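Numbering (the numbering used here), first residue to last: 23 to 486.
Worksheet: one structure, shown below.
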């Protein structure tokens, strides 16, 4: 589906007109932002930490191939099997080959945006596999048949009562609408799934080149179950999620938790270095790591290379005035908010998402909160330029922009526009004309700023 500006506006309007969704998004985003700000205030050298991580991410992405090769070598030495995937088709093929060899139909998953990106669940279910999401938020939206609405809080748009109704329908019995009751029910269901599954699939928060290790962070502990109870663990990792050393990884993890949820560190930080050793009582006997490109390598050396530095904390979503009003589903992409408005066109094609670069006020709040200071406004403007250059802007809009640009380029034509606008407003009021959608448009000022400034200059001219 092509997401044009009008398609985004249509989807956003549904959220804006729903008071329940507005309250859910507003309260959720305020909670995340307040927690982040409070935790940042507790760290005296937070600015220096951000600058240091920025430098690490810049240097890592500049030498991405070298770090990935080192990661592959060390992961092999640790006993893991490393696969390279060009796109979603490769990921699906690799996972299905492993699943069919194991003979298991049930697969448990930990939360993973990269598997959402390649629609892995759909690929596996089409092939007859049963896929069970084990993150509570992901489990909720899986039951609801929805997509994530936030990159770290997939079910932020759902209220407790809605989740209780969903569980009641699914279990065919009345379920208490309390977080404790809902969590206990999910725990009872998922524990059995963990024990029965032959394959566990996870994403990767970051990979460490010097040891070939992968790191997962969660606040629920399900990631640890997914990666240790099933005999086979498959980790899907975007190639940009690499960091050279454990020292660099520590800096990444420290800012990731603080920026995402306002925690000094996530509750569960799991490090996986190959499969279980012979003398270890738990852990998988096989670990497969799939390194996914999916157009990422085409961004290196371009004006969009900086986007690969993202650590996926979601802080930019919480402060974005567009996202907090429109919600995540309006983006029709696994990646929403300011980061999604840039990433989605780059990974899936600008021709598929020409409307997302317009889904921003360019206020700069995303740049201000980004832990690695990614200049998202710059890239949003660049994507808008690319949209025009590729002829993706609808012709009425393009024509209006050209005419408007020509008129505003000259003071005389600008003054004429203001006069005609004021005259038009006079007749609208005179004849009580109602224009749908324009009822609340502010009236044009009686005098332009330019004319007021000119008069001030004359009044304040020093005497001869």
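Built from N, CA and C at the ideal position, the CB exists for glycine as well.
Bear in mind that the values here come from a model prediction, so they are computed numbers and not experimental data.
Item to check | Paired residues, beta bridge with residue 257 - DSSP | outcome: 224, 311
Checklist entry - residue 333 to residue 319, Cα distance in whole Å? => result 17 Å
Next on the checklist: Checking the sheet assignment: what are the DSSP bridge partners for residue 155?
Outcome noted: 131
Item to check | Cross-strand partners of residue 105 (DSSP beta bridge) | outcome: 312
Checklist entry - Is it true that the stretch 133–147 meets the stretch 199–214, where meeting means three or more beta-carbon pairs spaced less than 8 Å apart? => result no
Checklist entry - If residue 256 sits next to residue 310, beta carbons under 8 Å apart, how far is it from one beta carbon to the other, in whole angstroms? => result 5 Å
Checklist entry - Where does residue 359 sit, in a helix, a strand or coil, going by DSSP? => result helix
Next on the checklist: Tell me the DSSP secondary structure of residue 446 in three-state form.
Outcome noted: helix
Checklist entry - Would residue 55 pass as a contact of residue 409 if the rule is Cβ separation under 8 Å? => result no
Next on the checklist: Check whether the stretch 340–353 and the stretch 378–395 are in contact - that is, three or more C-beta pairs closer than 8 Å.
Outcome noted: yes
Checklist entry - At what residues does the alpha helix (DSSP H) containing residue 240 begin and finish? => result Per DSSP, residue 240 is not a residue of any alpha helix (DSSP H); the beta strand (DSSP E) it occupies stretches across 235–240.
Checklist entry - Which one or two residues does DSSP pair with residue 292 in a beta bridge? => result 238
Checklist entry - Can the beta-carbon of residue 254 be found less than 8 Å from the beta-carbon of residue 124? => result yes
Checklist entry - If you count every other CB in all the chains shown that lies within 10 Å of the CB of residue 280, and 16 or more means buried, which is it? => result buried
Item to check | Nonlocal neighbours in the same chain, by C-beta distance under 7 Å from residue 181, ignoring five residues either side | outcome: 42, 46
Next on the checklist: Based on DSSP bridge pairs, tell me the residues matched to residue 265.
Outcome noted: For residue 265, DSSP records a beta bridge to 230.
Next on the checklist: By the three-class DSSP mapping on this structure, what secondary structure does residue 201 have?
Outcome noted: helix
Next on the checklist: So, with DSSP's three-state summary, where would you put residue 20?
Outcome noted: What the structure shows of the chain is the stretch from 23 to 486, and residue 20 is not part of that stretch, so it cannot be assessed.
Item to check | For residue 476, three-class secondary structure by DSSP | outcome: helix
Checklist entry - Just checking, does the stretch 262–272 make contact with the stretch 85–103 on the three C-beta pairs under 8 Å criterion? => result yes
Checklist entry - In chain order, which continuous runs of the alpha helix (DSSP H) of length 4 or greater are located wholly inside the stretch 69–117? => result 86–99
Checklist entry - If you draw a straight line from the C-alpha of residue 374 to the C-alpha of residue 196, how long is it? => result 43 Å
Checklist entry - Just how far apart, CA to CA, sit residue 413 and residue 27? => result 14 Å
Checklist entry - Can you list, in chain order, the residues of its chain whose CB lies under 8 Å from that of residue 74, leaving out five sequence neighbours each side? => result 273
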